[in-house]
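Here it is as structure tokens:
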């Protein structure tokens, strides 16, 4: 979803985002408005899926009934709220391409207040769920049996999710306080920046806790005796297991070659 959002925004920029309508022809204006609408769908899906993935991560570390029900309720609310916002966007105009094509005659569109209300609810719930998805892992981490330094490191990484919350708040404030003129290719650039930061930083923050385990595995592989020799790292027992496993795989491969 994030890659699709990026491709739509790139196309939006190609057709005129960040430029005044005065300098665009009619085709560029139509395509710019088109991709400014289409980019909303992967953005909503991307932010919702990111928070749902955090919910599943929390369930891996805490299987208490209260936490399990809370996470399921949170994920269900994300599906309902963001799904409702998608429905509003899809049904805003009939036919749907009348949303960006002003040449369509006899189009039936909803009031812009409905779109503003749906966007406000989605944005507010996005801020609330960002705070929940950031705070719950912190509570769980400090209850785990691990060193204080590790807890502090994980806390710093997880707290990076607060940056996503800040982007959500910035997007909501900007959307609520800005009166968008007809020159939307110029005035909408700030909103595009806020949405890009929110979705991409959210994905980055959700994957940060797993970065430590990945780097630790890389350290084990680099230090193992099958790369550097056991005499250099005699106090690194993890190498024995990996080296033995690789030796057995190599021997099996050699036997297969000899048989063939």
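Numbering (the numbering used here), first residue to last: 13 to 272.
Note that CB positions come from ideal geometry on N, CA and C, so glycine has one too.
The structure presented is a predicted model; accordingly, all values stated were derived computationally and were not measured.
Contact annotation: residue 152 and residue 70 have beta-carbon atoms nearer than 9 Å. Taking the Cα of residue 132 as reference, the smallest distance to any Cα among 217, 65, 180, 16 is reached at 180. The Cβ atoms of residue 79 and residue 63 do not sit closer than 9 Å to each other. The region 136-147 and the region 114-123 do not touch, with fewer than 3 CB-CB distances between them shorter than 8 Å. Minimum Cα-Cα distance from residue 40 among the listed residues 23, 52, 53 corresponds to 23. DSSP links residue 121 through a beta bridge to 105.
Runs of the beta strand (DSSP E) lying entirely within the region 16-40, each at least 3 residues long, are absent. Out of 110, 97, 75, 208, the CA that lies nearest to the CA of residue 182 is found in 208. DSSP, reduced to helix, strand and coil, places residue 149 within a helical segment of the structure shown. When secondary structure is reduced to three states using DSSP, residue 173 falls in the helix class.
DSSP, read as helix, strand or coil, puts residue 198 in helix.
At a Cβ-Cβ threshold of 9 Å, residue 60 and residue 96 do not count as neighbours.
Counting along the chain, residue 72 sits inside the alpha helix (DSSP H) bounded by residues 52-73.
In its chain, beyond the 5 residues on either side, 197, 198 have a beta carbon closer than 8 Å to the beta carbon of residue 31. Selection 94, 82, 65 evaluated against residue 56 yields 94 as nearest (Cα-Cα). With 16 or more other Cβ atoms inside 10 Å of its own Cβ, residue 149 counts as buried. In this structure, the CA atom of residue 205 is about 15 Å from the CA atom of residue 47. The C-beta separation of residue 14 from residue 219 comes to about 12 Å, leaving the pair out of contact by the 8 Å criterion. The criterion of a C-beta distance shorter than 9 Å is satisfied by residue 114 and residue 42.
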